[in-house]
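**Q**
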DNA sequence: AAGACGAAAGTGGTTGA
DNA sequence: TCAACAACTTTCGTCTT
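Residue numbers (the working numbering): 2 to 290.
1) For residue 195, which of helix, strand or coil comes out of DSSP?
2) Roughly how many whole angstroms lie between the Cα atoms of residue 111 and residue 283?
3) Helix, strand or coil: which one does DSSP assign to residue 156?
4) Identify which residue in 247, 174, 186 and 88 has its Cα closest to the Cα of residue 131.
5) Can you find the residues in the same chain that come closer than 8 Å, C-beta to C-beta, to residue 255, ignoring five residues on each side of it along the sequence?
6) Please classify residue 257 as buried or exposed, where buried requires at least 16 other C-beta atoms within 10 Å of its C-beta.
7) Looking at residue 267: is its Cβ nearer than 7 Å to the Cβ of residue 170?
8) Excluding the five sequence neighbours on either side, which residues of its own chain have a C-beta within less than 6 Å of the C-beta of residue 226, listed in chain order?
9) Closest to residue 245 by CA distance: which of 219, 76, 87 and 115 is it?
10) Buried or exposed: residue 241, going by 16 or more other Cβ atoms within 10 Å of its Cβ?
11) Between which two residues does the alpha helix (DSSP H) harbouring residue 238 extend?
12) For residue 161, does the count of other Cβ atoms within 10 angstroms reach 16, so buried, or fall short, so exposed?
13) Could you spell out the range, first to last residue, of the alpha helix (DSSP H) harbouring residue 166?
14) When the Cα atoms are used, what is the spatial distance from residue 208 to residue 262?
15) Can you tell me the Cα-Cα spacing of residue 79 and residue 117, whole angstroms?
16) Verify whether the separation of the beta carbon atoms of residue 329 and residue 134 is less than 7 Å.
17) If contacts are defined as beta-carbon pairs under 8 Å, then residue 182 and residue 149 qualify, I think. What distance do you get, rounded to the angstrom?
18) Return the residue from the list 205, 176 and 155 that minimises the CA-CA distance to residue 193.
19) Specify the secondary structure class of residue 40 as computed by DSSP and reduced to three states.
20) Spatial neighbours of residue 108 within its chain, please: CB distance less than 7 Å, with the 5 preceding and 5 following residues excluded, ordered by chain position.
21) Please state whether the Cβ-Cβ distance between residue 239 and residue 202 is less than 7 Å.
22) Could you have a look at residue 175 and say whether DSSP puts it in helix, strand or coil?
23) Am I right that residue 138 and residue 189 are in contact with their C-beta atoms under 8 Å? What's the rounded C-beta distance?
24) Between which residues of its own chain and residue 174 is the CB-CB distance below 7 Å, once the five residues before and five after are set aside?
25) Buried or exposed, going by whether 16 or more other CB atoms sit within 10 Å of the CB of residue 299?
26) Once the 5 residues before and after residue 125 are set aside, which same chain residues still bring their CB inside 7 Å of it?
27) Going straight from the alpha carbon of residue 249 to that of residue 168, what length do you get?
28) On the criterion of 16 or more Cβ atoms from any shown chain inside 10 Å, does residue 102 qualify as buried, or is it exposed?
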């Protein structure tokens, strides 16, 4: 029995049967490497009451250099009020960022929950978001959009297969919007995101279809050969993976319909057909029989 | 009757002038 | 900014199991 953290599944290594899927990572929630991190994490834990910030009781130190009776300040007081104002301003910015972060963390965990994303990926997403806040990339953009993008980045970095479409759906945003935010963040934060491989998609598909271990092997082999023959470049990885999975299902005898696979892979049957046509054209399947 | 096939037109995003 | 373009989708009629 093996625990696959990428797919969040427990799989029997002999027969490939999925014993438990969509499980949660039960590892420690937060890790803190120094006191500063511990402090920050402690403050951001637990149920977030981001809707209650200051309840409208914000204090303002206005810019008139006058006291309550309208008289001007003594020189010493003037300097003091200036300092007060300065610090007040700083604290307010800090507040705003904290509030944004709190809101964002709640969005992040909401999205993560509907996508069954394990803790470590969620943690990565939070780190991405913090970085974005620090670099002032959030201001003027929607928190939810940026949160969705952070989630997607984290998924890609952790090799946890979730499509852009799924992330968009879970966040209630359009694919286009999440994609735009995603590209923006990747560019601004100088991330390198390795492209998604058909292999990752295929692994997930086979797990979702609860197929035998043999099918997984065959699909992997097909994709290996396909990439050697350059049949994968320029093609959508999901389509290639779906085709390989379909072929594997036919070869192992536990046949799945194109529609079934197409639905899970989020491509059409036609795409599966087109891909697998070019696959069987170039590959010699006697190897497996 | 369901699944598979494939032609043809349509779609949305990228690229390059 | 616009048109060409490639990958993919939609639609639909036909063939196969």
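The beta-carbon is built from N, C-alpha and C at its ideal position, and this holds for glycine as well.
**A** Taking the coordinates as given:
1) Correct three-state label for residue 195: coil.
2) 45 Å
3) helix
4) Answer by Cα proximity: 186.
5) 212, 213 and 216
6) buried
7) no
8) 284
9) 219
10) buried
11) 238-253
12) buried
13) 165-172
14) For residue 208 and residue 262, the distance between alpha carbons rounds to 12 Å.
15) 56 Å
16) Absent from the model: residue 329. The displayed extent of the chain is 2 to 290, so no value can be given.
17) 7 Å
18) 155
19) At residue 40, the pLDDT of 43 sits below 50, so the modelled position is not reliable and the matter cannot be decided from this model.
20) Setting aside the 5 residues that flank it on each side, residue 108 is surrounded in the same chain by 144, 145 and 148, each with a C-beta closer than 7 Å to its C-beta; the list follows chain order.
21) It is a contact, given that the beta carbons lie within the stated cut-off.
22) coil
23) The pair is a contact, with the Cβ atoms about 5 Å apart (cut-off 8 Å).
24) Cβ neighbours of residue 174 beyond the five flanking positions: 145, 146 and 149.
25) The requested residue 299 is not part of the displayed model; the chain covers only 2 to 290.
26) 155, 158 and 159
27) Using only the alpha carbons, I get a separation of about 28 Å.
28) Label assigned to residue 102: buried.
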